[in-house]
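All residue numbers for the sequence shown refer to UniProt numbering, where the first residue is 1 and numbers rise by one.
C-beta atoms are modelled at their ideal positions from N, C-alpha and C, and glycine is treated no differently.
Right, one structure below, let's go through it.
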Amino acid sequence: MSTLPDRPHTALIVIDVQQGVVAEAPRRDEVVGNIDALVEKARGDGVPVVWVQHSDEELVRGSDEWQYVPELVRAQSEPLVHKSYGDSFEGTDLEDVLADLRVGRLVVAGAESDACIRSTIHGAFTRGYDVTLVGDAHTAGDKSAWGAPPAEQVIAHTNLYWQFQAAPGRTAGVVETRDVTFCG
(Lines of atoms letter the chains of each structure in order from A; the text may use other names.)
(Lines give C-alpha, C1' and ligand atoms only; values in the text may rest on other atoms or scores of the structure.)
Protein backbone atom coordinates (compact mmCIF):
# COMPACT_ATOMS: atom_id res chain seq x y z
CA MET A 1 0.00 0.00 0.00
CA SER A 2 1.26 3.48 -0.76
CA THR A 3 2.63 5.71 1.95
CA LEU A 4 -0.14 8.24 1.25
CA PRO A 5 -2.76 8.14 4.02
CA ASP A 6 -6.42 7.81 3.05
CA ARG A 7 -5.64 7.17 -0.62
CA PRO A 8 -7.19 3.75 -1.34
CA HIS A 9 -7.97 4.31 -5.03
CA THR A 10 -6.16 3.58 -8.28
CA ALA A 11 -5.95 5.76 -11.39
CA LEU A 12 -4.77 5.11 -14.93
CA ILE A 13 -2.32 7.80 -16.03
CA VAL A 14 -1.97 8.23 -19.81
CA ILE A 15 1.12 10.29 -20.60
CA ASP A 16 1.88 12.21 -23.80
CA VAL A 17 0.38 9.92 -26.45
CA GLN A 18 0.48 12.88 -28.79
CA GLN A 19 0.78 12.79 -32.56
CA GLY A 20 4.24 14.37 -32.66
CA VAL A 21 5.52 12.21 -29.81
CA VAL A 22 4.55 8.75 -31.05
CA ALA A 23 4.46 9.26 -34.84
CA GLU A 24 7.70 7.32 -35.41
CA ALA A 25 7.65 5.16 -32.28
CA PRO A 26 8.15 1.41 -32.64
CA ARG A 27 4.99 -0.66 -32.34
CA ARG A 28 3.03 2.61 -32.32
CA ASP A 29 -0.30 1.03 -33.32
CA GLU A 30 0.08 -1.88 -30.88
CA VAL A 31 0.97 0.43 -27.99
CA VAL A 32 -1.89 2.84 -28.78
CA GLY A 33 -4.27 -0.14 -29.03
CA ASN A 34 -3.09 -1.41 -25.64
CA ILE A 35 -3.58 2.03 -24.11
CA ASP A 36 -7.07 2.21 -25.60
CA ALA A 37 -7.86 -1.19 -24.04
CA LEU A 38 -6.59 0.06 -20.68
CA VAL A 39 -8.73 3.20 -20.92
CA GLU A 40 -11.83 1.14 -21.70
CA LYS A 41 -11.07 -1.30 -18.86
CA ALA A 42 -10.52 1.55 -16.39
CA ARG A 43 -13.75 3.24 -17.42
CA GLY A 44 -15.62 -0.06 -17.16
CA ASP A 45 -14.20 -0.61 -13.67
CA GLY A 46 -15.06 2.94 -12.56
CA VAL A 47 -11.37 3.85 -12.26
CA PRO A 48 -10.34 7.43 -13.02
CA VAL A 49 -8.36 8.03 -16.19
CA VAL A 50 -6.02 11.03 -15.96
CA TRP A 51 -4.56 12.37 -19.20
CA VAL A 52 -1.24 14.20 -19.33
CA GLN A 53 -0.27 16.40 -22.29
CA HIS A 54 3.18 17.88 -22.84
CA SER A 55 4.06 21.16 -24.51
CA ASP A 56 7.33 22.98 -25.06
CA GLU A 57 9.02 24.98 -27.81
CA GLU A 58 9.23 21.87 -30.04
CA LEU A 59 5.75 20.56 -29.18
CA VAL A 60 3.71 23.74 -29.47
CA ARG A 61 0.40 23.85 -27.65
CA GLY A 62 -2.47 23.78 -30.14
CA SER A 63 -0.38 22.36 -33.02
CA ASP A 64 -1.27 19.12 -34.80
CA GLU A 65 1.79 17.45 -33.25
CA TRP A 66 0.60 18.49 -29.77
CA GLN A 67 -2.82 16.84 -30.18
CA TYR A 68 -3.47 13.41 -28.72
CA VAL A 69 -3.56 10.61 -31.31
CA PRO A 70 -7.06 10.30 -32.77
CA GLU A 71 -7.48 6.71 -31.56
CA LEU A 72 -7.53 7.89 -27.94
CA VAL A 73 -10.42 10.12 -26.93
CA ARG A 74 -10.58 11.69 -23.50
CA ALA A 75 -14.03 11.89 -21.92
CA GLN A 76 -14.91 15.45 -20.89
CA SER A 77 -15.21 14.32 -17.27
CA GLU A 78 -11.65 12.96 -17.22
CA PRO A 79 -8.91 15.25 -15.89
CA LEU A 80 -6.35 16.68 -18.31
CA VAL A 81 -3.02 17.79 -16.88
CA HIS A 82 -0.85 20.09 -18.98
CA LYS A 83 2.88 19.87 -18.39
CA SER A 84 6.13 21.26 -19.70
CA TYR A 85 8.62 19.09 -17.77
CA GLY A 86 9.35 15.37 -17.98
CA ASP A 87 7.90 14.55 -14.55
CA SER A 88 4.14 14.95 -14.82
CA PHE A 89 4.05 16.26 -11.23
CA GLU A 90 6.48 19.16 -11.80
CA GLY A 91 4.75 22.50 -12.27
CA THR A 92 1.31 20.88 -12.67
CA ASP A 93 -1.83 20.20 -10.67
CA LEU A 94 -1.46 16.40 -10.97
CA GLU A 95 -0.94 15.93 -7.23
CA ASP A 96 -4.11 17.95 -6.49
CA VAL A 97 -6.09 15.93 -9.04
CA LEU A 98 -4.94 12.65 -7.51
CA ALA A 99 -5.52 13.87 -3.94
CA ASP A 100 -9.09 14.90 -4.82
CA LEU A 101 -9.67 11.41 -6.25
CA ARG A 102 -8.01 9.81 -3.18
CA VAL A 103 -5.57 7.96 -5.44
CA GLY A 104 -2.52 6.25 -3.97
CA ARG A 105 -1.80 3.76 -6.74
CA LEU A 106 -0.96 4.65 -10.34
CA VAL A 107 -1.09 2.47 -13.43
CA VAL A 108 1.06 4.22 -16.03
CA ALA A 109 1.10 4.06 -19.85
CA GLY A 110 2.18 6.38 -22.66
CA ALA A 111 5.34 7.99 -24.02
CA GLU A 112 8.24 8.42 -23.95
CA SER A 113 9.76 5.52 -22.03
CA ASP A 114 13.15 7.15 -21.52
CA ALA A 115 11.86 10.62 -20.71
CA CYS A 116 8.40 11.47 -19.42
CA ILE A 117 7.45 7.92 -18.44
CA ARG A 118 10.69 7.39 -16.51
CA SER A 119 10.54 10.81 -14.88
CA THR A 120 6.91 10.41 -13.87
CA ILE A 121 7.14 6.89 -12.44
CA HIS A 122 10.16 7.92 -10.37
CA GLY A 123 8.47 11.18 -9.36
CA ALA A 124 5.34 9.32 -8.27
CA PHE A 125 7.31 6.67 -6.39
CA THR A 126 9.34 9.22 -4.43
CA ARG A 127 6.10 11.06 -3.60
CA GLY A 128 4.71 7.91 -1.96
CA TYR A 129 2.61 6.33 -4.71
CA ASP A 130 2.51 2.67 -5.63
CA VAL A 131 3.39 2.61 -9.33
CA THR A 132 2.63 -0.07 -11.90
CA LEU A 133 4.09 0.41 -15.37
CA VAL A 134 2.24 -1.32 -18.18
CA GLY A 135 5.14 -2.93 -20.04
CA ASP A 136 3.49 -3.22 -23.45
CA ALA A 137 1.74 0.16 -23.27
CA HIS A 138 4.65 2.60 -23.40
CA THR A 139 7.03 3.50 -26.17
CA ALA A 140 9.82 5.87 -27.20
CA GLY A 141 11.20 7.41 -30.33
CA ASP A 142 14.61 6.50 -31.74
CA LYS A 143 17.33 8.60 -30.15
CA SER A 144 20.25 6.44 -31.30
CA ALA A 145 21.62 9.35 -33.35
CA TRP A 146 22.40 11.00 -29.98
CA GLY A 147 24.01 7.89 -28.49
CA ALA A 148 20.97 6.22 -26.93
CA PRO A 149 20.26 2.53 -27.50
CA PRO A 150 17.56 1.65 -30.05
CA ALA A 151 14.04 2.37 -28.79
CA GLU A 152 13.13 -1.30 -28.30
CA GLN A 153 16.11 -1.68 -25.94
CA VAL A 154 15.13 1.48 -24.05
CA ILE A 155 11.61 0.10 -23.56
CA ALA A 156 12.93 -3.30 -22.45
CA HIS A 157 15.41 -1.73 -20.04
CA THR A 158 12.71 0.49 -18.51
CA ASN A 159 10.54 -2.58 -17.95
CA LEU A 160 13.48 -4.53 -16.51
CA TYR A 161 14.61 -2.05 -13.93
CA TRP A 162 11.12 -0.91 -12.88
CA GLN A 163 10.10 -4.42 -11.84
CA PHE A 164 12.89 -4.35 -9.24
CA GLN A 165 12.18 -0.92 -7.68
CA ALA A 166 11.71 -1.04 -3.94
CA ALA A 167 11.12 1.42 -1.14
CA PRO A 168 9.55 1.24 2.30
CA GLY A 169 5.77 1.11 2.21
CA ARG A 170 5.47 1.32 -1.58
CA THR A 171 5.25 -1.12 -4.44
CA ALA A 172 6.47 -0.94 -8.00
CA GLY A 173 5.97 -3.39 -10.80
CA VAL A 174 5.49 -4.08 -14.47
CA VAL A 175 2.54 -5.93 -15.99
CA GLU A 176 1.27 -6.51 -19.49
CA THR A 177 -2.02 -4.95 -20.62
CA ARG A 178 -3.88 -8.26 -20.39
CA ASP A 179 -2.82 -8.65 -16.73
CA VAL A 180 -3.72 -5.18 -15.46
CA THR A 181 -6.04 -5.11 -12.49
CA PHE A 182 -7.27 -1.83 -11.13
CA CYS A 183 -8.28 -3.17 -7.72
CA GLY A 184 -6.03 -4.10 -4.84
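S144 sits exposed, since fewer than 16 C-beta atoms from the chains shown fall within 10 Å of its C-beta. K83: member of the beta strand (DSSP E) spanning L80 to K83, first to last residue. When only Cα atoms are considered, Q67 and Q18 end up about 5 Å apart. Leaving aside the five residues that flank G169 on each side, the residues in its chain whose CB is nearer than 8 Å to its CB run, in chain order, M1, S2, T3 and G128. If the five residues before and after A42 are omitted, its C-beta is found closer than 7 Å to the C-beta atoms of L12, V49 and F182, all from its own chain and listed in chain order. Contact between A111 and H138 holds: CB atoms are separated by about 6 Å, below the 8 Å threshold.
Annotation for V174: L133, G135, N159, W162 and Q163 place their beta carbon closer than 6 Å to its own, counting only its chain and skipping 5 residues before and after. One Cα belongs to L94, the other to A124, and the distance between them is close to 10 Å. A direct Cα-Cα distance of roughly 13 Å separates L38 from I15. Note on geometry: alpha-carbon atoms of V154 and D6 lie some 35 Å from one another.
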